[in-house]
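Single-structure report; data block below.
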Amino acid sequence: MNSKIINSIKQFVIAVLTIVLALAVGAILVRISGNDPAEAYTTLFRGALGSKARISEVLVKMIPLTLMALGMSIAYKAQLWNIGANGQLTIGAILAILPGIYLGLPTVILLPLSLILSVLGGALWCGLAAWLKNCFNANEVITTLMLNYIATYFLAFLVYGPMMDPDGGGFPQSKVLPDAYHLPLFSAQMRIHGGIVVAIIVILMMFFFWRTKLGVKIDLIGQGDKIATYAGVNVKKTVMVAMLISGALCGLAGWNEVYGVQYRLLEGLSSGYGDIATIIALLGGLNPLGIVIASFFFSALLVGGATMQRMTEVPYSVVDIIQGLVIVFVIARTAIHFGWPQKLLRKGKKDA
Amino acid sequence: MLSSIFTVGFLVSLLAGTIRLATPILLPALGQIYTQRAGILNLGVEGTMTIGAVAGFSAAYKTGNLWIGLLSGMFFGMLWSLIMAWLSVTMRANQVIAGIALNILGAGTAVYVYRILFGVQSLPPQVTPFAAVNIPVLSSIPVIGQIFFQHNILVYLSYVMVFVTWFILEKTTFGLKIRAVGEHPRAADSKGISVAGVRYAAVLIGGLYAGAAGAFMSIAYMNLFTESIVSGRGFIAVSVVIFARFMPVRAMWGALLFGFASALQMRLQALGIDMANQLMLMLPYIMTIAALIFASKKAEFPSAYTIPYSRLER
Amino acid sequence: MDNLAVSMQGITKIFNGVKANDNVDFNLRKGSIHGLLGENGAGKTTLMNILYGLYQQEAGDIYINGSKEEISSPIKAISLGIGMVHQHFMLARPMTVVENVMLGKKSRRGILLDTKETATELKELADKYKMNIDPYSKIWQLSVGEQQRVEILTAIYQGADILILDEPTAVLTPQEANVLFDMLRHMKADGKSIILITHKLEEIISIVDEVTVLRDGELIGSKLVDEHTTKEELTKMMVGRDVLFNFDKNKKAPGAVKVELKGLSASNDKGLPALTDFNLTVHEGEILGLAGVDGNGQKELCEVLTGLRKADGGQFLFKGKEVINQPPVFYINSGISHIPEDRMTTGLALNWSLKKNLIIKKFHKAPFSKNGLLNQKAIDAYWDKCQKEYQIKANSGEDHARALSGGNQQKVILARELDDHPEMVIANQPTRGLDIGASEYVRQKILDARNDGAAVLLVSADLEEILQLSDRIAVIYDGKIMGILPAGADTNTIGMLMMGHKQEEKA
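Residue numbers (our numbering), protein chains in the order written: chain A, 1274 to 1625; chain B, 881 to 1194; chain C, 5 to 511.
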């Protein structure tokens, strides 16, 4: 147990160093763009954590990112490279908003109903890729990617066409949800909303997930089809279940965006959360605690970066670069750590 | 309304547009054939193209020479893919993740560089793009000439590269090495071929093509650089390669398919026909999935696809 | 020194602190066949990989034909006239023979391939050594023996005078092996020098002129082989102790019929028939040894019996009940244990801890699962018990399965498969790739399972193993049972059946 703790601390220190290194490169880029790195980072930091309202903004971003990253982590553990989080969020959001706009149900019925629809929508969209994989051996990287585009264009079709708000001045967006349906805010001054409760519940469930029968099965199919089948696991079924859950959590993120933040459908709803969520899942080592920490870091970077762009002359692309660098450093490190382990070297001798 | 669709003029512009719009998909797809045949799935093409677009545009704008722009796009595309090669070959990282990371990093870097070089301007700077080269005699054939022989030089070159790529892969020692490295890296290694070397080369060639395609977007198609200039073409190229089962001529058909869908959508929009453009744009993606369904059953992926190689590991 | 094709002196190779070769000398006389003998893990392949330029030695010198050489890569080795035929063939399957050959050579047409010329030359060379090979066939169309010939042909085509063969007979029938040996003698007469890596004593005695023995990375000695050389003395050099070649089988009369297969048929991965009209019974408390050359349907049989493959037809009666084509979990729950052929991909989750590997089939059952969650305490306790009982050498149960040696990996599988007193044990090549010590342990455990009353189906390509353990011996060829023989049957008889020759005076 002790060595486990030491190992975790080591992991954490390395992760922090990685981030510091990326920030250092960012500082140089800020300098080159003719700005003061100290000022830029101060602004970024204040923008992210300088006040309760700012922290609330970070949490607002964290909700979808954490949910999606947790979803991704389930697929990735099974070695299913679901990169379709954006599409799954989008379909979840579309299904979730339909009853809110068109049915006029009481809030107590609508909120759970819309939540279920969002989960179904995300699960369906991801399950489609699983089905294609199971039945046609279609590579899920490509199918989830294609489904992203299809979902994005479908959303665009809706908000430019049948769902466009007639009083919206031609903007590509749907009608606004009635106030009664908005997820409750904790304070009138801040945007942090009731969706966080849902997110926390999901996080808590994920802490146990990998010790459940299903979790172990999903982990096992990630070790290889052969060993999983051999151990009595139905691989196709488990692939499907893993992808359904993965997509469901992304769909749930869509519900949060629609009922907690935007209150309507609009073009580009997913705003590229999917790629970042993918990276958070990996950076967090596919484990729930790691994901929450990584998600906090990236959310802070996004929120602070936006402030930095507003308040200084520093281009926002620096934030993208920092994100990209963090992940490149992490992959390089993971590879050094796991790619050339002693065991392999010993194995070279194996057949000798 | 339909009468305005079934005119010669419409068809000519549609098919000519198909050929032109297929080009920036065909080029990176050809490059990815090398890369994927060598066993590496580079999802970072999108980012590489964006880098190529900004490099091509900047060089062309600053020197006033489009060819220097093209070379610059190719060079920086290659340089950028060096990171992918390093991550996937030397570091043996997960290729999906590495590709996504490089897309984020590539988009950020391209926009940053553009901002540093051009600052913030109300009107984006533009270049005069490659002009159409009318092939003598052929271009004056009615209909056919307009469709096939009135494109800019890069379009012609791209289609020539289809043959070149096929020839290199099937008829040269280098092509044989690429195939071997993707199929059975250990065998290639034991025959004295540097697996890492060939894979680096394959990724760099992929970057070269992607850089060229990016430059095509900014100096032969859009005449300017924007953040979203590539808008998914890199990803499409990757899927075209799989759709084409790693064969150049099939990749050309795949690229033309996407070109056709975009051209059709643009033509119809130009006519003011409201046929749900977004749904139209969805079509090629649906068709890719459909193609994948048919192809996957028999798709012969290189045996070592996405698997890093180590001499010590069995 | 003049008559030495290869002289390796004081070779030391260290992998991560472990000496794979420790100050090893090796001398190959020109025009001789030299056996390199040792258990798995003795350092034979490492030494040869150094000679072939795949690894670089930490210390020591290599002389080829008397001159000192730095063999920095296989290219260098090839240019020095060294060729190697690996245990796992180094052939790209979708490519043709000639394409595979062209990989390792310079083209006469610069950057263009010289396919036609190469194919012609290859054909001539193949004819010279009486190998019937079409240069334009794709590798996947060839049989294992033919693929091996392609490998040898490639090496000779590249101008190899020194040929290294890594366990070449492991995949061949005795008859195919004889053909290979004839080919090798022919090459020797042609002046080629040949190194044969092996752990089969018969081969050393029958074909080799001189033998070098390694143990634990160290040189034990070299000696000329003549008619006075005995298996026992070679064994002593190889393992450093006398090996019990015979187990006390403590024979009992077999019990009731536990498994009955009637007219079973199944297809292989390519959809071709792998088992046709296959009939077999296994009794309680009996080891039925299934002898046969690899690829004659053994793998498919084991998979059908464990639900990993669907049978096309026939009956599988288990304790009298029809159980064909059930999902794998059904057979697991019925008490059918399976020691799979491939430890690395099927038997173990290499990146899982040893503890978790032990419960891979029962993690969802009590006591390992409590209230729907894994019960770490029970898992820890189970590991402690199994580690002791099965003498698994590991630092901790948290180690990844990948970290263990082959023998210890197999012990983990044995613990998992045998600890619950199975009704039936299917052991497919249970000692493949293990050293003699570990093999002996595995065989003892299989006997124990039999004595415990299990019906054991032992599938092995190793005749010696079959003869040692089996109560009855069935021979499989081309998906059919060729004959069933009593324990202690004559090797030649079995060998003939393995080749598909039914005898006239069949018992």
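Think of the CB as a built atom: it goes at the ideal place given N, C-alpha and C, for glycine as much as any other residue.
None of the values given here were measured: they were computed from a predicted structure.
Q: Count the other C-beta atoms from every protein chain shown that fall within 10 angstroms of the C-beta of M1109 (chain B), then say buried if there are 16 or more, exposed otherwise.
A: Counting from one through the second sequence, the residue named residue 1109 (chain B) turns up at place 229. First, the amino acid is wrong: residue 1109 (chain B) is Ile here, not Met. Under this definition I1109 (chain B) is a buried residue.
Q: Specify the secondary structure class of D1624 (chain A) as computed by DSSP and reduced to three states.
A: As a first step, residue 1624 (chain A) must be located in the first sequence, where it is residue number 351. The pLDDT assigned to D1624 (chain A) is 34, lower than 50, so where the model puts this residue is not dependable; a value taken from the coordinates is nonetheless given after this. Here DSSP, grouped into helix, strand and coil, assigns D1624 (chain A) to coil.
Q: Determine, using beta-carbon pairs with one atom in the region 84-91 of chain C and one in the region 159-168 of chain C, whether at least three such pairs fall under 8 angstroms.
A: Result yes; three or more Cβ-Cβ pairs closer than 8 angstroms.
Q. At least one CB of chain E closer than 8 angstroms to the CB of L1088 (chain B): is that the case?
A. This model lacks chain E altogether, as its protein chains are A, B and C.
(Q) Taking the alpha carbon of F890 (chain B) as the reference point, which residue from B:I1169, B:R1147, B:P1188 has its own alpha carbon closest? (A) Numbered from 1 along the second sequence, position 10 holds the residue referred to as residue 890 (chain B). Nearest option by C-alpha distance: B:R1147.
Q) Would you call the region 943-961 of chain B and the region 1089-1098 of chain B in contact, with 3 or more CB pairs under 8 angstroms? A) Of all C-beta pairs linking the region 943-961 of chain B to the region 1089-1098 of chain B, three or more are shorter than 8 angstroms, placing the two stretches in contact.
**Q.** Per-residue contacts from I1073 (chain B) into chain C (C-beta, under 7 angstroms)
**A.** Walking along the second sequence from the start, residue 1073 (chain B) turns up at place 193. The contacting residues are L107.
Q) For T1339 (chain A), which three-state DSSP category applies? A) Taking the first residue of the first sequence as 1, we reach residue 1339 (chain A) at position 66. Note: T1339 (chain A) maps to helix in three-state DSSP.
Q | C-alpha distance - A1605 (chain A) paired with A909 (chain B), whole-angstrom precision | A | Residue numbering aside, residue 1605 (chain A) sits at position 332 when the first sequence is read from its first letter. Residue numbering aside, residue 909 (chain B) sits at position 29 when the second sequence is read from its first letter. One C-alpha to the other measures close to 27 angstroms.
Q. Can you tell which of B:I1033, B:I1085, B:G1114, B:L1084 has its C-alpha closest to the C-alpha of L1418 (chain A)?
A. Position 145 of the first sequence, counted from the start, is the residue given in the question as residue 1418 (chain A). Comparing Cα positions, the closest option is B:G1114.
**Q.** CA-to-CA distance, I480 (chain C) to A493 (chain C), given in whole angstroms
**A.** Here residue 493 (chain C) refers to the residue found at position 489 of the third sequence. Here residue 480 (chain C) refers to the residue found at position 476 of the third sequence. In this structure, the straight-line span from the alpha carbon of A493 (chain C) to that of I480 (chain C) is close to 15 angstroms.
Q. When the Cβ atoms of the region 957-973 of chain B are set against those of the region 1571-1590 of chain A, are three or more pairs found closer than 8 angstroms?
A. With a cut-off of 8 angstroms, the region 1571-1590 of chain A and the region 957-973 of chain B do not count as touching, because too few Cβ pairs lie within range.
Q) Leaving out the 5 sequence neighbours to the left and right, which residues in its chain are closer than 6 angstroms to L1522 (chain A) when beta-carbon positions are compared? A) Here the question's residue 1522 (chain A) lines up with position 249 in the first sequence. Excluding positions up to five away in sequence, the list reads L1340, L1343, G1344.
Q: Report yes or no: is there a C-beta of chain C within less than 8 angstroms of the C-beta of A1124 (chain B)?
A: The count along the second sequence starts at 1 and reaches residue 1124 (chain B) at position 244. Closer than 8 angstroms: no.
Q: Would you check if the region 65-75 of chain C and the region 221-231 of chain C touch, i.e. whether three or more CB-CB distances between them fall below 8 angstroms?
A: Between the region 221-231 of chain C and the region 65-75 of chain C, the count of C-beta pairs closer than 8 angstroms stays below three; the two stretches do not touch.
Q) Going by other Cβ atoms of all chains shown within 10 Å of its Cβ, with 16 needed for buried, is W1398 (chain A) buried or exposed? A) As a working note, residue 1398 (chain A) is residue 125 in the first sequence. Buried, because 16 or more other Cβ atoms sit within 10 Å of the Cβ of W1398 (chain A).
Q) Quick one, which of C:E264, C:A24, C:R112, C:G487 has its alpha-carbon nearest A46 (chain C)'s? A) Position 42 of the third sequence, counted from the first residue, corresponds to residue 46 (chain C). If we check each option's Cα against that of A46 (chain C), C:A24 comes out closest.
Q: Report yes if the CB atom of G259 (chain C) is closer than 8 angstroms to the CB atom of G289 (chain C), and no otherwise.
A: Residue numbering aside, residue 259 (chain C) sits at position 255 when the third sequence is read from its first letter. Residue numbering aside, residue 289 (chain C) sits at position 285 when the third sequence is read from its first letter. Cβ atoms of G259 (chain C) and G289 (chain C): closer than 8 angstroms.
Q | Rounded straight-line distance, which links the Cα of A1171 (chain B) to that of V1303 (chain A) | A | Residue 1303 (chain A) sits at position 30 when you count from the first residue of the first sequence. Residue 1171 (chain B) sits at position 291 when you count from the first residue of the second sequence. So the two alpha carbons sit approximately 46 angstroms from each other.
Q.
At the level of alpha carbons, what is the spacing between K449 (chain C) and L218 (chain C)?
A. For the purposes of this step, residue 449 (chain C) is identified with residue 445 of the third sequence, where counting begins at 1. For the purposes of this step, residue 218 (chain C) is identified with residue 214 of the third sequence, where counting begins at 1. For K449 (chain C) and L218 (chain C), the distance between alpha carbons rounds to 28 angstroms.
**Q.** Under 8 angstroms between C-beta atoms of F1105 (chain B) and A939 (chain B)
**A.** Within the second sequence, the letter at position 225 stands for residue 1105 (chain B). Within the second sequence, the letter at position 59 stands for residue 939 (chain B). Their beta carbons are not under 8 angstroms apart, which means F1105 (chain B) does not touch A939 (chain B) by this criterion.
Q.
Output needed in chain order: residues of the region 1000-1029 of chain B with a Cβ under 8 angstroms from some Cβ in chain A.
A. Residues: none.
**Q.** Endpoints, the alpha helix (DSSP H) within which T1580 (chain A) is located
**A.** For the purposes of this step, residue 1580 (chain A) is taken as the residue at position 307 of the first sequence. From DSSP, the alpha helix (DSSP H) with T1580 (chain A) extends over 1561-1584.
**Q.** chain C contact for T1045 (chain B) (CB, 8 angstroms cutoff)
**A.** Numbered from its first residue, the second sequence carries residue 1045 (chain B) at position 165. Not closer than 8 angstroms to any Cβ of chain C, the Cβ of T1045 (chain B) fails to qualify, so no.
Q | Segment contact, 8 angstroms Cβ cut-off, at least three pairs: the region 414-426 of chain C with the region 336-353 of chain C | A | Short answer: they touch.
(Q) Looking at chain B, is there any beta carbon in it that lies within less than 8 angstroms of the beta carbon of V247 (chain C)? (A) Within the third sequence, the letter at position 243 stands for residue 247 (chain C). Here the model assigns V247 (chain C) a pLDDT of 48, short of 50, so the residue's position is not dependable, and the following value carries that caveat. No, because no Cβ of chain B sits closer than 8 angstroms to the Cβ of V247 (chain C).
Q: Jot down the residue ranges of each uninterrupted alpha helix (DSSP H) in the region 344-388 of chain C, minimum 4 residues, whole runs only, in chain order.
A: Runs of alpha helix (DSSP H) with 4 or more residues, each lying fully within the region 344-388 of chain C, are found at 358-362, listed in chain order.
Q: Quick one: which residues of the region 1568-1602 of chain A get their C-beta closer than 7 angstroms to a C-beta of chain B? List them in chain order.
A: Taking 7 angstroms as the Cβ-Cβ cut-off against chain B, the residues of the region 1568-1602 of chain A that qualify are P1588, S1590, V1591, D1593, I1594, Q1596, G1597, L1598, I1600, V1601.
Q | C-alpha gap between L377 (chain C) and K1509 (chain A), whole angstroms | A | What you label residue 377 (chain C) is simply residue 373 of the third sequence in a count that begins at 1. What you label residue 1509 (chain A) is simply residue 236 of the first sequence in a count that begins at 1. L377 (chain C) and K1509 (chain A): Cα-Cα distance of roughly 23 angstroms.
Q | Three-state secondary structure assigned by DSSP to K266 (chain C) | A | One-based indexing of the third sequence puts residue 266 (chain C) at position 262. K266 (chain C) falls in the strand class under three-state DSSP.
Q.
Is it the case that the region 331-341 of chain C contacts the region 383-402 of chain C, given that we only count it when at least three CB pairs across the two stretches are under 8 angstroms?
A. No, the region 383-402 of chain C does not touch the region 331-341 of chain C.
Q: Could you give the DSSP three-state label for T173 (chain C): helix, strand or coil?
A: Walking along the third sequence from the start, residue 173 (chain C) turns up at place 169. Reduced to three states, the DSSP call for T173 (chain C) is helix.
(Q) I want to see whether chain A comes within less than 8 angstroms of T349 (chain C), judged by CB atoms only; does it? (A) Reading the third sequence from its first residue, position 345 is the one you call residue 349 (chain C). Flagged as an interface residue toward chain A: T349 (chain C), by a C-beta distance shorter than 8 angstroms.
Q) Between the region 334-348 of chain C and chain A, which residues of the former have CB atoms less than 9 angstroms from a CB of the latter, in chain order? A) So the close ones are F334, Y335, I336, N337, H342, P344, D346.
Q: To the nearest angstrom, report how far apart Y1189 (chain B) and T915 (chain B) are at their CA atoms.
A: Looking up residue 1189 (chain B) in the second sequence gives position 309. Looking up residue 915 (chain B) in the second sequence gives position 35. If I take the Cα positions, the gap works out to 15 angstroms.
Q: To the nearest angstrom, report how far apart V1286 (chain A) and A1554 (chain A) are at their CA atoms.
A: Translated into positions along the first sequence, residue 1286 (chain A) becomes position 13. Translated into positions along the first sequence, residue 1554 (chain A) becomes position 281. Cα to Cα, V1286 (chain A) sits roughly 18 angstroms from A1554 (chain A).
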